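First comes the structure, then the notes that go with it.
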Ligand code: NAD
Ligand code: UFG
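Below, the structure written as structure tokens:
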């Protein structure tokens, strides 16, 4: 039978691509978003891609009454929970903003789910929970005891709450630890909408190439890596979105349980590799300088994603060039769709 899934944060970067992937698989989607880091227009753009209207509730998930009203109005089978603040640097400056939104949001959502007897959740976590790792690839058994920022702490706490509810409250949970999501939908109708100066590498690159920023600063080239710059596992957001559809099926098929999956391409690329790939696909020479290291950066980290391959039957289909190509196309098409 056709399932109805509540997607919190469904107008955001990863949420919007996942709504497209769900609708394309004939899943009925209800979106809850408070527009704190997105715009209503994204709903129209999702429909421009799939031809299916987006049922949107503009609600803050920390508002239990308003959220409960959504559960009363709709028949919901399960939840994919994206809604959270996500900027690592901001979380260091404003930790309570992160504890309140991300942890309160998770608790309120789960309480409302329980009241309404909805007990299946797919949760967005991050490889940041692995902290300052010394070896890669990282699999899901790597310890997660030390977070490197208040943002990371919120992910660890939320993971733990979901695990508790799976153990004692009859919940079924899938925790997805994303590595570095980049790129955009091939239509260029949806993509990442960074507010202000981007913290992340790829939006900074595309904005520099578009003339919005003067030059990119590469944060350090004296790391113990082949070219001296940090290594990350970049994953195309469309591959990531498709993993959520598989994770949801997996969650519905589980007994009361909680499973954790890494979602990455399983390959590490340096900052300079990413710049070279961007220059190749865009045909533009990027203005960049080598600067000091950024505090808190992990030297190198990439995923062992074999558990997702085996249990979810999921692998990445898009390579680094396609990530850069779609990110650039999105940057150039920001105003039209
Ligand atoms: P995003 O900011 O683009 O999307 C989040 C959405 O949630 C936004 O539309 C925002 O308006 C909404 N939202 C935030 N707080 C809310 C609240 N209290 N009530 C209702 N809506 C609320 O972020 P994203 O990049 O799509 O990230 C989605 C999830 O994935 C987050 O949980 C994030 O921590 C996690 N994640 C992201 C990355 C990344 O690099 N983008 C990496 C690892 C994990
Ligand atoms: N970088 C630069 N210059 C920039 C921006 C980034 O050189 O202007 C470098 C960083 O030093 C890092 C790499 O590009 O080596 C990637 O940096 P991002 O900020 O794009 O991504 P991070 O790996 O730091 O962080 C991402 C997500 C976080 C998540 C973290 C988990 O943004 O949400 O992965 O490791 F917590």
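In the numbering used here, the protein residues as written are 16 to 352. For every residue, glycine included, the Cβ atom is placed at its ideal position computed from N, Cα and C. Since this is a predicted model, take the numbers as computed values, not measurements.
From 297, 265 and 133, pick the residue whose C-alpha is nearest to that of residue 225; which is it?
Taking only the C-alpha atoms, the option nearest residue 225 is 297.
Threshold first: 4 residues or longer. Then list the alpha helix (DSSP H) segments lying entirely within the segment 113 to 147, N to C.
Segments of the alpha helix (DSSP H) lying fully in the segment 113 to 147: 120 to 130.
With distances taken Cα to Cα, identify the nearest neighbour of residue 41 among 260, 239 and 99.
It is 260.
Between residue 122 and residue 176, which are expected to be in contact by the criterion C-beta below 8 Å, what is the C-beta distance as a whole number of angstroms?
Indeed they touch by this definition, with Cβ atoms about 7 Å apart.
Which one or two residues does DSSP pair with residue 277 in a beta bridge?
Bridge partners of residue 277: 192.
Assuming residue 182 is part of the alpha helix (DSSP H), what are its boundary residues?
Here the alpha helix (DSSP H) through residue 182 covers 165 to 183.
If you count every other CB in all the chains shown that lies within 10 Å of the CB of residue 308, and 16 or more means buried, which is it?
Its Cβ having fewer than 16 others within 10 Å, residue 308 is exposed.
Here's the rule: buried if 16 or more other CB atoms are within 10 angstroms of the residue's CB, otherwise exposed. What is residue 182?
Its Cβ having fewer than 16 others within 10 Å, residue 182 is exposed.
For residue 23, verify whether its CB is less than 7 Å away from any heavy atom of ligand 2.
Because no heavy atom of ligand 2 lies under 7 Å away, the Cβ of residue 23 does not count as near it: no.
Under 8 Å, with one C-beta from each stretch per pair, do the segment 190 to 199 and the segment 317 to 337 reach the 3-pair mark?
Enough Cβ pairs lie closer than 8 Å, so yes.
Take every Cβ of the segment 25 to 36, pair it with every Cβ of the segment 244 to 261, and state whether three or more of those distances are shorter than 8 Å.
Taking 8 Å as the limit for Cβ pairs, the verdict is that the segment 244 to 261 does touch the segment 25 to 36.
Mind checking who residue 70 pairs with in its DSSP beta bridge?
Paired residues: 45.
In the DSSP output, what is residue 19 paired with across the bridge?
Bridge partners of residue 19: 43.
Looking at the strands, I want to know which residues DSSP matches up with residue 251.
Answer by DSSP bridge pairing, in chain order: 197.
So residue 233 is in the beta strand (DSSP E); what residue range does that whole segment cover?
Unbroken beta strand (DSSP E) run through residue 233: 231 to 234.
Taking residue 226 as part of the alpha helix (DSSP H), name the residues at either end of that continuous run.
Element bounds for residue 226: n/a, residue is neither H nor E.
For residue 166, which residues of its own chain have a beta-carbon under 6 Å away from its beta-carbon, when the five flanking residues on both sides are left out?
Excluding positions up to five away in sequence, the list reads 103, 106 and 113.
From the DSSP output, which residues share a beta bridge with residue 157?
For residue 157, which the question treats as bridged, DSSP gives no partner whatsoever.
With respect to 7 Å, is the separation between the Cβ of residue 233 and the closest non-hydrogen atom of ligand 1 below this value?
Not so, every heavy atom of ligand 1 lies at least 7 Å from the Cβ.
Which word fits residue 10, buried or exposed, when buried means at least 16 other C-beta atoms lie within 10 angstroms of its C-beta?
Past the boundaries of the shown model lies residue 10; the chain is included only from 16 to 352, so the question cannot be answered.
Could you tell me whether the Cβ atoms of residue 100 and residue 23 are closer together than 8 Å?
For residue 100 and residue 23, no; Cβs fall outside 8 Å.
Output the distance between the C-alpha atoms of residue 251 and residue 89, rounded to the nearest integer angstrom.
Computed Cα separation, rounded: 32 Å.
Is residue 91 closer than 8 Å to residue 19 when the C-beta atoms are compared?
In this structure, residue 91 lies closer than 8 Å to residue 19 by Cβ.
Give the range of the alpha helix (DSSP H) segment to which residue 286 is assigned.
Start and end: 286 to 297.
Closest to residue 111 by C-alpha separation, out of 270, 164 and 244, would be which residue?
If we check each option's Cα against that of residue 111, 164 comes out closest.
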